[in-house]
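So the sequence shown is residues 97 to 508, counted in the numbering used here.
See below for the structure under consideration.
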Amino acid sequence: MPAATVRVAAVQQRELASEQTFVGTVVPLRTSTVGSTVEGRVVELLVREGDQVKEHGALAQLRIEQLQIQLAAANAELEVRKQELSELRISLPEEIKQAEDRMEAAEALAKYTGSQLQRARALFKSKTISEEELQEKESAARAAQEKYSENKVALALAKAVSPVKVLRAEATVAVQEEAVRQLKDDIAEHTIVAPFDGYVTMEHTEKGEWIAKGSPVVEVVELSSVDVEVSVLESYLPRLRVGMMARVTIGALPGESWEAPVAAIVPQADVRSRSFPVKVRLKNRDGPGGVLLKSGMFARVSLPVGDRASVLLVPKDALVLGGRSPVVYVADPLPQSRGGNVASAQGAPPAAEPAPGPAPDAVARLVPVELGTAADEWIKVRGGLKPGDRVVVEGNERLFPGQPVVILNREP
Numbered sequence: 097m098p099a100a101t102v103r104v105a106a107v108q109q110r111e112l113a114s115e116q117t118f119v120g121t122v123v124p125l126r127t128s129t130v131g132s133t134v135e136g137r138v139v140e141l142l143v144r145e146g147d148q149v150k151e152h153g154a155l156a157q158l159r160i161e162q163l164q165i166q167l168a169a170a171n172a173e174l175e176v177r178k179q180e181l182s183e184l185r186i187s188l189p190e191e192i193k194q195a196e197d198r199m200e201a202a203e204a205l206a207k208y209t210g211s212q213l214q215r216a217r218a219l220f221k222s223k224t225i226s227e228e229e230l231q232e233k234e235s236a237a238r239a240a241q242e243k244y245s246e247n248k249v250a251l252a253l254a255k256a257v258s259p260v261k262v263l264r265a266e267a268t269v270a271v272q273e274e275a276v277r278q279l280k281d282d283i284a285e286h287t288i289v290a291p292f293d294g295y296v297t298m299e300h301t302e303k304g305e306w307i308a309k310g311s312p313v314v315e316v317v318e319l320s321s322v323d324v325e326v327s328v329l330e331s332y333l334p335r336l337r338v339g340m341m342a343r344v345t346i347g348a349l350p351g352e353s354w355e356a357p358v359a360a361i362v363p364q365a366d367v368r369s370r371s372f373p374v375k376v377r378l379k380n381r382d383g384p385g386g387v388l389l390k391s392g393m394f395a396r397v398s399l400p401v402g403d404r405a406s407v408l409l410v411p412k413d414a415l416v417l418g419g420r421s422p423v424v425y426v427a428d429p430l431p432q433s434r435g436g437n438v439a440s441a442q443g444a445p446p447a448a449e450p451a452p453g454p455a456p457d458a459v460a461r462l463v464p465v466e467l468g469t470a471a472d473e474w475i476k477v478r479g480g481l482k483p484g485d486r487v488v489v490e491g492n493e494r495l496f497p498g499q500p501v502v503i504l505n506r507e508p
């Protein structure tokens with residue numbers, strides 16, 4: 097068997113708080129009883145218990161036929177109001193232009209009749225025309241001036257009123273647009289949607305039922321992450337803090353374990369047991385039926401809150417996972433000096449010829465371990481290890497029991 101190149105680290109012994117194990121339950125990160133914001137008849141329940149749902153995904157549909165009719169009528173009325181506004185914006189400038197033309201014509205006539213009156217007065221003084229003819233000219237000039245004044249006032253009024261008419265029409269359109277928007281909102285509220293990604297765990301209604309405003313429709317839980325909730329006696333609280341790492345195992349998932357932080361220490365004790373709820377947060381992953389960790393699962397949580405005791409620590413990189421239990425490889429010294437046959441501590445047969453390359457320094461020994469809680473980049477272990485043992489931290493994923501190894505770092 098050829099020698100493998102590895103890096104090693106020494107098993108450490110430290111005085112740390114011993115672990116206490118607490119039993120608990122997996123609970124959802126969030127639970128929502130989704131209710132209806134309006135009353136109505138359920139025409140379709142779109143999900144069933146166990147279904148996965150997405151945020152804003154439809155859960156149930158209430159009857160909306162009457163609202164759709166009202167919306168169609170409101171949209172038609174809105175189009176009429178918009179058309180009126182458009183026509184008004186076109187017609188008002190034309191009306192002002194016509195009023196300006198009338199005023200200009202009346203002004204020209206007033207000037208003409210005024211000049212005619214001046215000429216008639218001169219002729220009357222020279223006795224060229226009669227007094228009756230002069231009075232006719234005066235009447236014509238007065239009528240023309242009055243007409244000019246009327247048209248001037250009409251033009252000013254048209255210019256002043258036009259913006260008001262436009263604003264009034266725009267307000268009418270805005271009111272109708274709000275009516276349409278409100279109807280659309282009402283229709284949207286008749287579709288009950290999921291508040292977040294999750295799973296349906298309970299149905300509270302069925303197709304054909306009449307539900308009142310606020311009535312529950314379904315219950316949705318979020319399981320992308322879950323909390324394991326345990327009860328911790330008050331005597332352990334001084335050693336407990338948010339963020340400290342815990343080791344979690346699930347009864348239904350033998351061989352699986354999680355290292356997760358304490359997410360919350362609820363400051364309200366059960367007055368009978370004097371214990372406090374503590375939540376350890378785990379990132380969920382895919383599994384049978386959607387997710388691996390499901391609400392209500394039995395769990396055990398190990399927390400470093402006991403009395404200080406001597407424990408063994410190995411680097412996290414030393415762990416080889418994926419089998420029935422975690423293992424580490426120990427680099428044991430060769431039983432013979434270099435140059436002789438290499439015999440492993442586990443009874444491997446001697447090699448027929450020295451393998452080409454560097455001579456091996458040690459032989460790999462497989463050691464099953466039981467994991468404890470983490471301490472930074474190290475983790476507590478129990479098993480066939482002792483302080484100072486050299487555990488493989490690099491190259492261990494391709495090792496076999498009894499395989500010779502060449503240690504790249506000889507310091508540990």
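The beta carbon of each residue, even a glycine, is placed where N, CA and C say it ideally should be.
Under the 10 Å beta carbon count, Val249 is surrounded by fewer than 16 other beta carbons and is classified as exposed. Counted as a single uninterrupted DSSP element, the alpha helix (DSSP H) harbouring Pro189 occupies residues Glu161 to Lys221. Within a 10 Å sphere around the beta-carbon of Trp306 sit fewer than 16 other beta-carbons, which makes this residue exposed. In this structure, Gln148 keeps its C-beta atom at 8 Å or more from the C-beta atom of Leu408. Annotated as distal: Asp366 and Val426, with beta-carbon spacing of 8 Å or more. For Ile165 and Leu279, the gap between their C-alpha atoms comes out near 10 Å. Under the DSSP definition of a beta bridge, Ile361 partners with Val374.
Under the DSSP definition of a beta bridge, Tyr425 partners with Leu462. With fewer than 16 other beta carbons inside 10 angstroms of its own, Glu135 counts as exposed.
Leu417 and Val296 have their C-alpha atoms spaced approximately 34 Å apart. Per DSSP, reduced to three states, the secondary structure at Asp281 is helical. Taking a cut-off of 8 Å on C-beta distances, the segment 260–275 touches the segment 166–184, as three or more cross pairs fall below it. Secondary structure note for Ile225: it is in no beta strand (DSSP E), with a DSSP letter that is neither H nor E. In the three-state reduction of the DSSP assignment, Thr297 falls in the strand class, which pools E and B.
Glu325 and Arg506 have their C-alpha atoms spaced approximately 45 Å apart.
Distance from the Cα of Glu330 is smallest, within the candidate group Ser371, Phe292 and Thr301, for Ser371. Taken through DSSP and simplified to helix, strand or coil, Leu329 comes out as strand.
Listed as beta-bridge partners of Ala105 by DSSP are Val487.
A distance below 8 Å between beta-carbons, with the five flanking residues on each side excluded, links Val488 to the following residues of its chain, in chain order: Val102, Arg103, Val104, Ala414, Val424, Tyr425, Val426, Ala427, Ala460, Leu495 and Val501.
For Asn492 and Val107, the gap between their C-alpha atoms comes out near 15 Å. For Pro124, the uninterrupted beta strand (DSSP E) run begins and ends at Gln116 to Gly131, by DSSP. Distance from the CA atom of Ala156 to the CA atom of Val138, rounded to whole angstroms, is 7 Å. Here Ser211 has no same chain residue with a Cβ atom under 6 Å from its own Cβ, once five neighbours each way along the sequence are excluded. By the criterion of a C-beta distance shorter than 6 Å, Ala360 is surrounded in its chain by Lys375, once the five residues flanking it on both sides are discounted.
Unbroken beta strand (DSSP E) stretches of 3 residues or longer found wholly inside the segment 235–292: 287–289, given in chain order.
Partner residues in the beta bridge of Asp366, as assigned by DSSP, are Ser371. In the DSSP assignment, Glu140 falls within the beta strand (DSSP E) that extends over Gly136 to Leu141.
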